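Participant: In full-length UniProt numbering, the protein residues as written are 1 to 245. All C-beta atoms in this analysis are idealised placements derived from N, C-alpha and C, irrespective of residue type, glycine included. Since the model is a prediction, treat every value here as computed from it, not as a measurement.
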Amino acid sequence: MTQRPKRNRRLSHPHRTLPDLKKSDEESRIWNAERQSLTTEQSTFAAMAGTTFRPALFPLIFHSIPDEIPEVSRPLITRLFQLWMVFIGTLALNMAACIVLLVGGGSNAGAGLGASIGYLLFMPIASFLLWYRPIYNGYMKNQSLYFYIYFFFGGFHLLYSIYMIIGIPGTGSAGLISMIESWGKPAIVSGVFCTLATVGWILQGAGLTFYYLQIWREHNAAGHSLDKAKQELAVHGAKSYFSRG
1 MTQRPKRNRR
11 LSHPHRTLPD
21 LKKSDEESRI
31 WNAERQSLTT
41 EQSTFAAMAG
51 TTFRPALFPL
61 IFHSIPDEIP
71 EVSRPLITRL
81 FQLWMVFIGT
91 LALNMAACIV
101 LLVGGGSNAG
111 AGLGASIGYL
121 LFMPIASFLL
131 WYRPIYNGYM
141 KNQSLYFYIY
151 FFFGGFHLLY
161 SIYMIIGIPG
171 TGSAGLISMI
181 ESWGKPAIVS
191 GVFCTLATVG
201 WILQGAGLTF
211 YYLQIWREHN
221 AAGHSLDKAK
231 QELAVHGAKS
241 YFSRG
């Protein structure tokens, strides 16, 4: 009696052994865990970024008016932030007006353009750090120190606004004097640009003056004092400027 040869039984997946399957399952678990972790981080960051300041300085400076500012003070801080944005837009428009003045042969226009470029590069950061962030911290932390910093540098900003509204040729401002000279030539294009820049300077200057006086009244009513400011500086130091709460 002849014996039939035994047939080799093969797995349905000839190229994947049991160790390979275990390795694949382990890699899949690791990949899913990493994906879940990444999704969680993205969701957290998106929730924070949705209310943070643009251009984003997170995590150096967290900026979220709804999360950090008391409800009663949110409209005020929101308006100050909007005026700060108007200030930046006015700086850009002012530089464009200085370019037009240079092309049109305005008096001392080269020096004016150079100064306007310097303003556009330096003033947005300086104004944010020196007067906007201090008053933001003042209402967030209710500390006298930040109110005094705001009053000091905010006052200088108001003086700077008056200087830019005047618009002396060659100073980097396309304000009133430059506007009048342009329309007097007449130089229509430069006149239009100078008018827009002048309106921007007046709007942000008048708005910031209004809120400066309002904050001064609230500061006095809240009982803030220079002695409290000195104590807060001694206790918290400069590092509290960037911290939350």
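1. When we look at the beta-carbon of N108 and count the other beta-carbons within 10 Å, is it buried (16 or more) or exposed?
2. If you draw a straight line from the C-alpha of G104 to the C-alpha of I149, how long is it?
3. Counting only the same chain and skipping the five closest in sequence on each side, list residues whose C-beta sits under 7 Å from that of Y211.
4. Please classify A222 as buried or exposed, where buried requires at least 16 other C-beta atoms within 10 Å of its C-beta.
5. Which residue marks the beginning of the alpha helix (DSSP H) containing Y132, and which one marks its end?
6. Would you kindly work out how many angstroms separate the C-alpha atoms of Q231 and S144, rounded to a whole number?
7. Determine the direct distance from the alpha carbon of Y136 to that of P70, and round the result to whole angstroms.
8. So within the region 146-182, which uninterrupted beta strand (DSSP E) runs reach at least 3 residues, ignoring any that extend past its ends?
9. Is the region 167-175 close to the region 194-208, with three or more CB pairs under 8 Å?
10. For residue 249 and I30, what's the separation of their Cα atoms in angstroms?
11. Are there any heavy atoms of the ligand SAM lying less than 7 Å away from the beta-carbon of S144, as far as the coordinates show?
12. I'd like the list of long-range same chain contacts for G112, defined as Cβ closer than 7 Å, with 5 residues on each side in sequence excluded.
13. Taking just the CA atoms, how far does S127 sit from I117?
14. Where does the unbroken alpha helix (DSSP H) through H63 begin, and where does it stop?
15. By the three-class DSSP mapping on this structure, what secondary structure does A187 have?
16. For L130 versus T209, is the C-beta distance shorter than 8 Å?
17. Hey, could you find the ends of the alpha helix (DSSP H) P75 is sitting in?
18. So, S161 versus G89, is the Cβ gap smaller than 8 Å?
19. Can you round the beta-carbon distance between Y119 and L83 to whole angstroms, since I take them to be within the 8 Å contact cut?
Facilitator: Quick look at the numbers:
1. exposed
2. 41 Å
3. L76, R79, L80
4. exposed
5. Where Y132 is concerned, there is no enclosing alpha helix (DSSP H), given that its DSSP letter is neither H nor E.
6. 9 Å
7. 11 Å
8. none
9. yes
10. Here the chain covers residues 1 to 245 and nothing more, so residue 249 does not appear.
11. Among the components modelled here there is no ligand, and therefore nothing to report on the ligand SAM.
12. C98, L101, P169, G170, T171, G172
13. 16 Å
14. That residue, H63, is in no alpha helix (DSSP H); it is neither H nor E in DSSP.
15. coil
16. no
17. 74-103
18. no
19. About 17 Å separates the two Cβ atoms, so there is no contact after all.
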